[in-house]
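One point on numbering: in this note's numbering, the residue at position 178 of the sequence shown is 327, and numbering is uninterrupted.
Structure first, then comments.
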Amino acid sequence: MRIAAALVLSALILWSPPGGRADVYRCEGKDGSLTFTNVKAPNQRCVLLMKETPKASASSAARSRSAASRPASGSVTPGDEGQRRRRYDAYIEEAARLYQLPSEYIRAIVRVESDFVPTAVSRVGALGLMQLMPQTARSMGVTDPFDPRQNILGGSRYLRVLANRFEGDLILTTAAYNAGGGAVQRYGGIPPFAETQRYVRRVLEHYQRYRSGFFD
150 MRIAAALVLS ALILWSPPGG RADVYRCEGK DGSLTFTNVK APNQRCVLLM
200 KETPKASASS AARSRSAASR PASGSVTPGD EGQRRRRYDA YIEEAARLYQ
250 LPSEYIRAIV RVESDFVPTA VSRVGALGLM QLMPQTARSM GVTDPFDPRQ
300 NILGGSRYLR VLANRFEGDL ILTTAAYNAG GGAVQRYGGI PPFAETQRYV
350 RRVLEHYQRY RSGFFD
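Rendered as structure tokens:
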């Protein structure tokens, strides 16, 4: 699935109850539409993209990115979640236009990485809204990772780099943002790391919700 076309393609995720199936399939309809689901769709050509491996061990790259997705510090005001999560809309829209990414996708990444806390710092030193590692921030031209605009533009630029590397594949781009592009290439797809697979599912879930007009 190409990110540039993500707004016009169906990316429906059918979520199971706890304990249900958590595989992810990409199914192509007769009309060429794409659907992402946890069950094979009838009368469609489906490819298994991600199989749940809850006991799989993560590489150091996956551990560092997954830790980055759980900020260790950052101020959160109770009852202010909704306002906080819409505070950076203008920067997200700017980044979406500049790097040709769906704004809902950028928003989903921010939601999972930091829950829109601009001062978030992970245990491994990932910083800001999109939890950029210092080296990545520098390579993306970010001088102050705690500046919301710089962080969103830098993180989105990095997403575009990954999207170009993986030919616009939305799921592989998401996996690479978490586990690293090298891990995705090494496994020829989504790495079998439980943390990375949970990360991809969470991003896709929020992405679909935002595309459907539901904002938390």
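Using N, Cα and C, we set each Cβ at its ideal position, and we do this for glycine too.
None of the values given here were measured: they were computed from a predicted structure.
Could you tell me the alpha carbon to alpha carbon distance between residue 180 and residue 283, rounded to whole angstroms?
So the two alpha carbons sit approximately 44 Å from each other.
For residue 240, collect the residues of the same chain with a Cβ closer than 8 Å to its Cβ; drop the 5 residues on either side in sequence, then sort them by chain order.
Taken in chain order, the residues that qualify are 297, 298, 301 and 302.
Using DSSP with H/G/I as helix, E/B as strand and the rest coil, what is residue 238?
Helix.
Could you pull the start and end residues of the alpha helix (DSSP H) that residue 173 belongs to?
Residue 173 -> not in any alpha helix (DSSP H); beta strand (DSSP E) instead, spanning 173-177.
With residue 319 as the anchor, note down where its alpha helix (DSSP H) starts and where it stops.
Taken as a continuous stretch (DSSP letters only), the alpha helix (DSSP H) holding residue 319 covers 319-328.
Figure out for me which residue from 353, 365 and 250 has the closest Cα to the Cα of residue 367.
This structure does not reach residue 367, given that the chain is present from 150 up to 365, and the question cannot be answered.
With 16 other CB atoms within 10 Å as the buried threshold, where does residue 280 fall?
Classification for residue 280: buried.
Just to confirm, are residue 248 and residue 265 a CB contact at a threshold of 8 Å?
No, Cβ-Cβ distance for residue 248 and residue 265 is not below 8 Å.
Give the DSSP bridge partners of residue 194, in chain order.
Answer is 177.
Need the endpoints of the alpha helix (DSSP H) that residue 259 sits in, please.
Run containing residue 259: 252-263, per the alpha helix (DSSP H) assignment.
To the nearest angstrom, how far is it from the Cα of residue 314 to the Cα of residue 326?
Residue 314 and residue 326: Cα-Cα distance of roughly 12 Å.
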